[in-house]
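Worksheet for the structure shown next.
Number of protein chains: 4
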Amino acid sequence: MPLTRFSVSLDSRLVRRFDARIAEEKLPTRSKAIGDLMRAALVKSEWAADGEVAGAIVLVYDHHRHDVVRRLTQAQHDAHHLIISTQHVHLDHDNCLEIIAVRGRSREIEGLLRRLKALKGIKHAALAAGSTGRKLA
Amino acid sequence: MPLTRFSVSLDSRLVRRFDARIAEEKLPTRSKAIGDLMRAALVKSEWAADGEVAGAIVLVYDHHRHDVVRRLTQAQHDAHHLIISTQHVHLDHDNCLEIIAVRGRSREIEGLLRRLKALKGIKHAALAAGSTGRKLA
Amino acid sequence: MPLTRFSVSLDSRLVRRFDARIAEEKLPTRSKAIGDLMRAALVKSEWAADGEVAGAIVLVYDHHRHDVVRRLTQAQHDAHHLIISTQHVHLDHDNCLEIIAVRGRSREIEGLLRRLKALKGIKHAALAAGSTGRKLA
Amino acid sequence: MPLTRFSVSLDSRLVRRFDARIAEEKLPTRSKAIGDLMRAALVKSEWAADGEVAGAIVLVYDHHRHDVVRRLTQAQHDAHHLIISTQHVHLDHDNCLEIIAVRGRSREIEGLLRRLKALKGIKHAALAAGSTGRKLA
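Protein chains in written order, with this note's numbering: chain A, 3 to 139; chain B, 3 to 139; chain C, 3 to 139; chain D, 3 to 139.
Below is the structure:
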């Protein structure tokens with residue numbers, strides 16, 4: 003993992019404010035803080051440009067209703083090429099939190115999110131947009 | 003689970019456009035489509051108002067670097083009251099995708115996200131903002 | 003402007019929570035509240051699908067620096083087909099807030115936003131994603 | 003406006019990818035690109051922390067309906083301490099785009115956004131979250 007060292011010239015007040023933020027967020031160094039901003043920008047671009055990405059789809063549903071478990075299983079099998087694994091949490095007697103680890107082209111993952119969200123019985127769906135890490139150095 | 007039935011009066015053109023969207027998204031009924039929008043708005047408010055929420059934090063990191071595995075384990079144990087379970091994916095030889103199922107007050111979960119993101123070696127962190135489902139009917 | 007009246011069947015608890023939100027937000031009726039959610043979803047889709055949209059680009063810059071005023075004027079003239087008009091606020095001795103009313107295809111407007119943001123001297127750029135209103139009934 | 007010069011050490015692959023992005027976005031220098039990311043992060047924090055901010059509220063409405071013009075004028079006068087000026091666009095025979103330049107504490111501006119959005123006749127409301135520029139160097 004070779005490093006590149008370069009220098010940056012910025013307004014002193016901006017640097018002071020950014021340093022205050024670094025301290026507040028307990029980030030170890032300016033390089034880590036700047037690298038984080040760069041990587042977040044690159045991941046956002048990967049999702050926008052239909053790149054290969056990874057992440058998680060979170061679903062909330064009541065397992066008693068609408069035969070949702072069977073239909074959810076079916077829909078997940080149809081998209082097995084996008085799904086790595088699933089983690090299931092029993093939130094209470096009725097509610098389930100299902101977290102689906104996904105990997106693939108961003109458009110396909112967004113399509114899967116829409117399909118799962120559309121299922122009768124699914125109360126809520128959310129996405130954590132991550133990365134395969136490969137291009138993040 | 004008692005149902006409430008009520009009627010809505012809206013511009014005919016708006017209803018037509020919304021129906022086209024329902025067809026496109028393959029949503030089963032207008033009630034499901036409208037319920038989804040309501041629930042998404044309520045979940046957003048819960049997160050904004052520091053309510054009790056659930057969801058997933060997604061981390062991407064290179065397990066070889068900076069002793070990140072040990073420090074990540076430590077940080078997660080410090081927040082064990084917010085963490086339900088963890089799912090780990092070996093993306094490739096170097097990169098890991100770790101998905102942490104979380105539950106608690108939204109401020110605390112956002113604080114945990116910041117703490118994990120700040121760790122040296124973590125390349126990217128993302129959040130899927132879900133719900134405990136309780137108040138979503 | 004003909005109206006369409008239809009009925010919706012939803013969980014009673016969900017309806018109660020949504021009604022509480024309606025009261026909190028001081029929305030006049032359920033129909034207005036539901037119509038707002040529908041319109042917001044449709045506007046989001048219009049932006050995603052490169053539809054004809056309208057909105058505002060907000061820029062913050064220091065007019066003393068980098069000949070930014072001249073270059074900004076130039077860039078805006080190059081995109082005159084997307085720009086309706088401009089509102090300029092003198093925030094203080096140095097800082098300007100320039101608000102550019104825009105209308106056109108969403109991809110073109112996002113391209114314009116990127117071009118303006120890239121200009122030396124522009125400190126910050128933000129977008130308010132609105133609509134031409136035509137398809138919102 | 004004194005400058006601070008400092009050096010950053012980052013993965014070579016990350017720097018290469020970021021440089022490709024800089025070229026694509028036509029950003030003049032790495033310093034401008036990194037400064038933009040820093041400022042965007044700081045502006046986001048200012049909005050989250052109820053700091054003094056500036057920006058624009060965009061409204062779409064049909065001026066024929068619900069006496070919306072009178073009620074909108076009233077609501078804006080009630081919030082005159084937050085509103086700098088207003089730009090009005092006649093989108094077509096029916097639809098108006100009104101862009102309100104705002105400045106004040108972020109909570110107050112978000113409250114104003116909610117109040118305006120709740121008015122009968124307002125079809126859509128959006129916010130461009132900007133800055134007073136003061137702390138952006």
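Ideal Cβ placement from N, Cα and C applies to all residues, glycine included.
Under 8 Å, Cβ to Cβ, is there at least one residue of chain B near Gly132(C)?
Contact of Gly132(C) with chain B is not assigned, every C-beta pair being separated by 8 Å or more.
Presumed contact (8 Å Cβ cut-off) between Leu74(C) and Leu129(C), rounded CB distance
Rounded, the Cβ-Cβ distance is 16 Å, inconsistent with contact.
If you drop the 5 nearest sequence neighbours on each side, which residues of the same chain put their C-beta closer than 7 Å to that of Arg7(B)?
Close CB contacts of Arg7(B) within its chain, under the 7 Å cut and outside five residues either way in sequence, are absent.
Taking only beta-carbon atoms, is Val55(A) less than 8 Å away from chain D?
Not one chain D Cβ lies under 8 Å of Val55(A).
Identify the contact partners of Val45(B) in chain C, using a Cβ-Cβ distance below 9 Å as the criterion.
Annotation: Val45(B) has no Cβ neighbours in chain C at a cutoff of 9 Å; minimum Cβ distance is about 11 Å.
Residues bridged to Arg105(C) by DSSP?
Beta-bridge pairing links Arg105(C) to Ala56(C).
Contacts around His90(B), its chain only, beta-carbon distance under 6 Å, and the 5 residues preceding and following it disregarded
Same-chain partners within the cutoff: Glu100.
So, using beta-carbon positions, are Leu143(C) and Gly37(B) closer together than 8 Å?
Since the first and last residues shown for chain C are 3 and 139, residue 143(C) lies out of range.
DSSP puts His92(D) in a beta bridge; with which residues?
Per DSSP, Cys98(D).
Kindly indicate which residue of Asp94(C), Arg23(C), Asp52(C), Asn97(C) has the alpha-carbon position closest to the one of Gly106(C).
For Gly106(C), the nearest C-alpha among the options comes from Asp52(C).
From Ala43(B), Asp94(B), Gly132(B), Glu110(B), residue whose alpha carbon lies closest to that of Asp80(B):
Comparing alpha carbon positions, the residue from Ala43(B), Asp94(B), Gly132(B), Glu110(B) closest to Asp80(B) is Glu110(B).
Assuming Leu5(C) and Asp13(B) form a contact by the criterion Cβ under 8 Å, report the distance between their Cβ atoms to the nearest whole angstrom.
Going by Cβ atoms, the distance from Leu5(C) to Asp13(B) rounds to 6 Å, so yes, they are a contact pair.
Taking 8 Å as the threshold (beta carbon to beta carbon), is Arg178(A) in contact with chain B?
Only positions 3 to 139 of chain A appear in the structure, and residue 178(A) is not among them; the question remains open.
For His126(D), I'd like the list of residues in its chain whose CB is within less than 6 Å of its CB, leaving aside the five on either flank, ordered along the chain.
So the list reads Val62, once near-sequence residues are dropped.
Is Leu16(A) close to chain D, meaning its C-beta is less than 8 Å from at least one C-beta of that chain?
So yes, Leu16(A) belongs to the interface.
Flag this pair as yes or no: are the beta carbons of Leu93(A) and Ala56(B) separated by less than 8 Å?
Yes.
Roughly how many angstroms separate the alpha carbons of Asp21(D) and Arg18(C), rounded to a whole number?
Cα-Cα distance, rounded: 52 Å.
Ignoring anything shorter than 3 residues, give me the beta strand (DSSP E) runs that lie fully in the region 112 to 136 of chain D, in order along the chain.
Under the rule that a run must span 3 or more residues, the beta strand (DSSP E) segments found entirely inside the region 112 to 136 of chain D read 124 to 131.
What does Ser108(C) reach in chain B if we use C-beta pairs closer than 9 Å?
Result: empty, since nearest Cβ-Cβ is about 17 Å, beyond 9 Å.
Between Arg32(B), Gly113(B), Ile59(B), which has its C-alpha nearest Glu26(A)'s C-alpha?
Comparing alpha-carbon positions, the option among Arg32(B), Gly113(B), Ile59(B) lying closest to Glu26(A) turns out to be Gly113(B).
Can you name, in chain order, every residue of its own chain whose Cβ lies under 6 Å from the Cβ of Ser87(D), other than the five neighbours on each side?
Here the set comprises Ala103.
Residues in the same chain with beta-carbon distance under 8 Å from Leu84(B), minus the five sequence neighbours each way, listed in chain order, please.
Only Val104, Arg105, Gly106, Glu110, Ile111, Leu114 meet the Cβ criterion.
Since Val10(B) and Arg32(C) are thought to touch, with beta carbons under 8 Å apart, how far apart are those beta carbons, to the nearest angstrom?
Going by Cβ atoms, the distance from Val10(B) to Arg32(C) rounds to 6 Å, so yes, they are a contact pair.
Exposure of Ala50(A), with buried meaning 16 or more beta-carbon neighbours within 10 Å:
Counting C-beta atoms within 10 angstroms of its own C-beta, Ala50(A) has fewer than 16 neighbours from the protein chains shown and is therefore classed as exposed.
Compute the Euclidean distance between the alpha carbons of Ile124(C) and Lys28(A), then round it to the nearest angstrom.
The alpha-carbon of Ile124(C) is positioned some 29 Å away from that of Lys28(A).
Kindly give me the distance between the Cβ atoms of Asp96(C) and Asp64(C), rounded to whole angstroms, as I take these residues to be in contact under 8 Å.
Separation of the CB atoms of Asp96(C) and Asp64(C) is rounded to 5 Å, and the pair is thereby assigned contact status at 8 Å.
Do the CB positions of Leu138(D) and Met40(A) come within less than 8 Å of each other?
Result no, Cβ atoms of Leu138(D) and Met40(A) do not sit closer than 8 Å.
Take Ser133(D) and list the residues in its own chain whose beta-carbon comes closer than 7 Å to its own, dropping the five residues that flank it on each side.
Once the five neighbours on either side are set aside, the close Cβ partners of Ser133(D) are Val45, Glu48, Val55, Ala56.
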